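Trainee: The sequence shown begins at 103 in this note's numbering and counts up by one.
For every residue, glycine included, the Cβ atom is placed at its ideal position computed from N, Cα and C.
Nothing here was measured: the structure is a model prediction, and the numbers come from that model.
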Amino acid sequence: MIELTPDQERQLRLPERQSMIDETIIFLQSHLPTLYQQRTPKAHAELLGHAYDRATGFGMTRRNLIHKYMLYGLSAPALIEGEAVTHYFQQGQQSPDLLAQDLLALIEMPSANTITRGNI
103 MIELTPDQER QLRLPERQSM IDETIIFLQS HLPTLYQQRT PKAHAELLGH AYDRATGFGM
163 TRRNLIHKYM LYGLSAPALI EGEAVTHYFQ QGQQSPDLLA QDLLALIEMP SANTITRGNI
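1) Would the region 163 to 170 count as touching the region 132 to 146 if we require 3 or more Cβ pairs under 8 Å?
2) Under DSSP, the alpha helix (DSSP H) around Thr158 begins and ends at which residues?
3) So is Leu106 buried or exposed if we call it buried at 16+ other beta carbons inside 10 Å?
4) Going by other Cβ atoms of all chains shown within 10 Å of its Cβ, with 16 needed for buried, is Leu114 buried or exposed?
5) From what residue to what residue does the alpha helix (DSSP H) around Met211 run?
6) DSSP three-state label for Glu111, please.
7) State buried or exposed for Gly159, treating a residue as buried only when at least 16 other CB atoms are found within 10 Å of its CB.
8) Shortest alpha-carbon distance to Gly184 belongs to which of His133, Arg156 and Arg119?
9) In terms of alpha-carbon separation, which member of Pro135, Val187, Gln203 and Leu130 lies closest to Leu173?
10) On the three-state DSSP scale, how would you describe Pro135?
11) Tell me whether Leu201 is buried or exposed, calling it buried when 16 or more other Cβ atoms sit within 10 Å of its Cβ.
12) Going along the chain, which residues of its own chain have a beta-carbon closer than 6 Å to the beta-carbon of Gly175, five neighbours each way excluded?
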């Protein structure tokens, strides 16, 4: 089995990384125009690239999870840079994809106010 250096692994992921960034920017333009207008396309690309690097660095492999993580990172930078998120992935006992799935499900949960008002 061939062992890749971190730089070689990063180089192999560049086409997928760029593809994910492009797809996410298109999604922002069409589905979240208000969020898209908050930054320049270059700024979005840089932030999305950083989010992609973090997601794959945590070990996420599923494209849909990486895509969600990238999107949520635009409005919640602590998801990308936060120490608690890093700790969550480092200390987790499950696979990174399962950890990401659980984390993103928590983010997507309605607030307690919404639940108590019966607005589910």
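Mentor: Concretely, from the data shown:
1) no
2) Pro143 to Phe160
3) exposed
4) exposed
5) Counting along the chain, Met211 falls outside any alpha helix (DSSP H), and DSSP gives it neither H nor E.
6) helix
7) exposed
8) Arg156
9) Leu130
10) helix
11) buried
12) Ala153, Leu181 and Ile182
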